Amino acid sequence: MALTKVRLKEIYPFLRRDFPTVERPPRHIFYSRVKKGLWECTALKAEDGTIQAYAVTVAGDVAVVLYLAVNPAIRSQGIGGKMIGLLKERYGDGLLVEVEKVEETDNAFQQCQRQRRIDFYKRHGFEILPVEYWLFGIGMHLMFCGENPPASGEIEGIMCRAYGVRPGSKGARCCRCIAK
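For the sequence shown, full-length UniProt numbering gives the first residue as 1, with consecutive numbering after it.
Structure, rendered in structure tokens:
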């Protein structure tokens, strides 16, 4: 299996299934960022062409994985790990992912789900960076996999670029980052 660049319309139905509305920008913004080349859509396809896993990323010195999901019917079969491995190959200098903090919710199911995500990324070589990070007011962990993690002063710029806002602008309030 190989990582294939795909059109957004191929994965958008899956994005709608896998991520709640509050975690996705409006469809027209999503399409605009992909069309402008700011975001890249890739997928891992089976021999018959069905999508097994997909990712939406922002390339750069450090690539940001905005969305990553595996077909629910084939989860826990190593497909997510395979996808991470292929993303590491594609973006050799390092990958950055956001994971909601476990303690940011009182819901036991969500706590378990968030801890599973953190554990998944740790198993695949990611480490939690020593920064406080908020995305749209939600406390998040930033996890990095690669040789040289970005300095805490660089992270806010990387994340603002990922979300299409200028650091220091009004829109930059969507993602705040400070060193611990």
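Backbone N, C-alpha and C fix where the C-beta goes; we use that ideal spot for every residue, glycine too.
The structure displayed is predicted, hence computed values, not measured ones.
Practice task
Answer yes if the stretch 68-75 comes into contact with the stretch 99-115, meaning at least three C-beta pairs across the two stretches below 8 angstroms, and no otherwise.
Solution key: no
Practice task
Pick out whichever of G94, E40, G60 has its Cα sitting closest to the Cα of C145.
Solution key: G94
Exercise for the section: With a cut-off of 8 angstroms on the beta carbons, I'd call M140 and K101 a contact; round off their distance for me. Expected result: 6 angstroms
Exercise for the section: Pull up the DSSP beta-bridge partners for F144, would you. Expected result: L96, E127
Exercise for the section: Buried or exposed for P149, please, with buried defined as at least 16 other CB atoms from any protein chain shown within 10 angstroms of its CB. Expected result: buried
Exercise for the section: Measure the CB-CB distance between A63 and I51 and report whether it falls below 9 angstroms. Expected result: no
Practice task
Quick one: residues in its chain with C-beta nearer than 8 angstroms to the C-beta of I79, no 5 flanking neighbours on either side, listed in chain order?
Solution key: L44, Q52, A53, V70, N71
Exercise for the section: Would you kindly check if the distance between the Cβ of R24 and the Cβ of R16 is under 9 angstroms? Expected result: yes
Exercise for the section: Provide the residue span of the beta strand (DSSP E) that contains I51, from first to last. Expected result: 51-58
Problem - Simplified DSSP state of A69, which is helix, strand or coil - result: strand
Exercise for the section: Would you list the one or two residues that DSSP bridges to C41? Expected result: V56
Problem - Distance between L142 and V97 (C-alpha atoms, nearest Å) - result: 6 angstroms
Problem - Within 9 angstroms, strictly: CB atoms of T57 and L8 - result: no
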